[in-house]
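Engineer: Numbering of the sequence shown is given in our numbering, commencing with residue 2 and proceeding in unit increments. For each residue, glycine too, the CB sits at the ideal point set by N, CA and C. Since the structure is predicted, the reported quantities are computational estimates derived from the model, not experimental observations. One structure is given below, represented as structure tokens, and several questions about it will come after.
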Amino acid sequence: MTTWIKEATDRAVEDVRRIAGTSIDFPHITEKGQWHHTQDGVWTGGFWAGLLWLAAEHEHGGLCLQKGREFTDRLLPRQTDSHNHDLGFMFYPSAVRG
Numbered sequence: 002m003t004t005w006i007k008e009a010t011d012r013a014v015e016d017v018r019r020i021a022g023t024s025i026d027f028p029h030i031t032e033k034g035q036w037h038h039t040q041d042g043v044w045t046g047g048f049w050a051g052l053l054w055l056a057a058e059h060e061h062g063g064l065c066l067q068k069g070r071e072f073t074d075r076l077l078p079r080q081t082d083s084h085n086h087d088l089g090f091m092f093y094p095s096a097v098r099g
């Protein structure tokens, strides 16, 4: 892997790890540099869980693996939500990836 790609990937994984260490709920959006969180993940929760799975793969386990499982488990009760057209966004990066 070229140096700039490795550096960018390492930085992204470190950012995910840092956010995972402080987030109880799903990071949803930022406003003026501050994260706003949701308890159920709304439609973006799968992206967060997916980032955790990817970071866990990069770091071979650790905190991101644990958090990936936890956040994916929190999304799973919504898998039969017939009023939500964003199930692909929620479950492909999270449950399918995990």
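1) Between Arg-18 and Ala-56, is the Cβ-Cβ spacing less than 9 angstroms?
2) Mapping the DSSP letters down to three states, classify Ile-30 as helix, strand or coil.
3) What are the uninterrupted segments assigned as alpha helix (DSSP H) that are 4 or more residues long and contained completely in the segment 19-85, given in chain order?
4) Alpha carbon to alpha carbon, what distance is there between Gly-22 and Asp-41?
5) Roughly how many whole angstroms lie between the Cα atoms of Gly-89 and Val-43?
6) Would the segment 57-68 count as touching the segment 80-94 if we require 3 or more Cβ pairs under 8 angstroms?
7) Look at Phe-54 and Thr-39 and say whether their C-beta atoms are less than 9 angstroms apart.
8) What number of angstroms, rounded off, separates the C-alpha of Pro-78 from the C-alpha of Gly-69?
9) Would you call Val-97 buried or exposed, if buried means 16 or more other Cβ atoms sit within 10 Å of its Cβ?
10) Less than 6 angstroms between C-beta atoms, sequence neighbours within five positions excluded: which residues of the same chain meet that for Phe-48?
Structural biologist: Taking the structure as given:
1) For the purposes of this step, residue 18 is identified with residue 17 of the sequence shown, where counting begins at 1. For the purposes of this step, residue 56 is identified with residue 55 of the sequence shown, where counting begins at 1. Yes. Within cutoff.
2) Locating residue 30 in the sequence shown gives position 29, counting from the first residue. Ile-30: strand per DSSP, three-state reduction.
3) 46-60, 63-76
4) Numbered from 1 along the sequence shown, position 40 holds the residue referred to as residue 41. Numbered from 1 along the sequence shown, position 21 holds the residue referred to as residue 22. Whole-angstrom Cα-Cα distance: 18 angstroms.
5) Residue 89 sits at position 88 when you count from the first residue of the sequence shown. Residue 43 sits at position 42 when you count from the first residue of the sequence shown. Between Gly-89 and Val-43, the C-alpha separation is close to 12 angstroms.
6) Output reads no: the segment 80-94 does not touch the segment 57-68.
7) For the purposes of this step, residue 54 is taken as residue 53 along the sequence shown, with counting starting at 1. For the purposes of this step, residue 39 is taken as residue 38 along the sequence shown, with counting starting at 1. With the sequence shown as reference, residue 54 is identified as Trp, and Phe is not the correct amino acid for it. Cβ atoms of Trp-54 and Thr-39: not closer than 9 angstroms.
8) Your numbering for residue 78 matches position 77 in the sequence shown. Your numbering for residue 69 matches position 68 in the sequence shown. So the two alpha carbons sit approximately 16 angstroms from each other.
9) As a position in the sequence shown, residue 97 is number 96, starting the count at 1. Exposed is the call here.
10) For the purposes of this step, residue 48 is identified with residue 47 of the sequence shown, where counting begins at 1. Same-chain partners within the cutoff: Pro-94.
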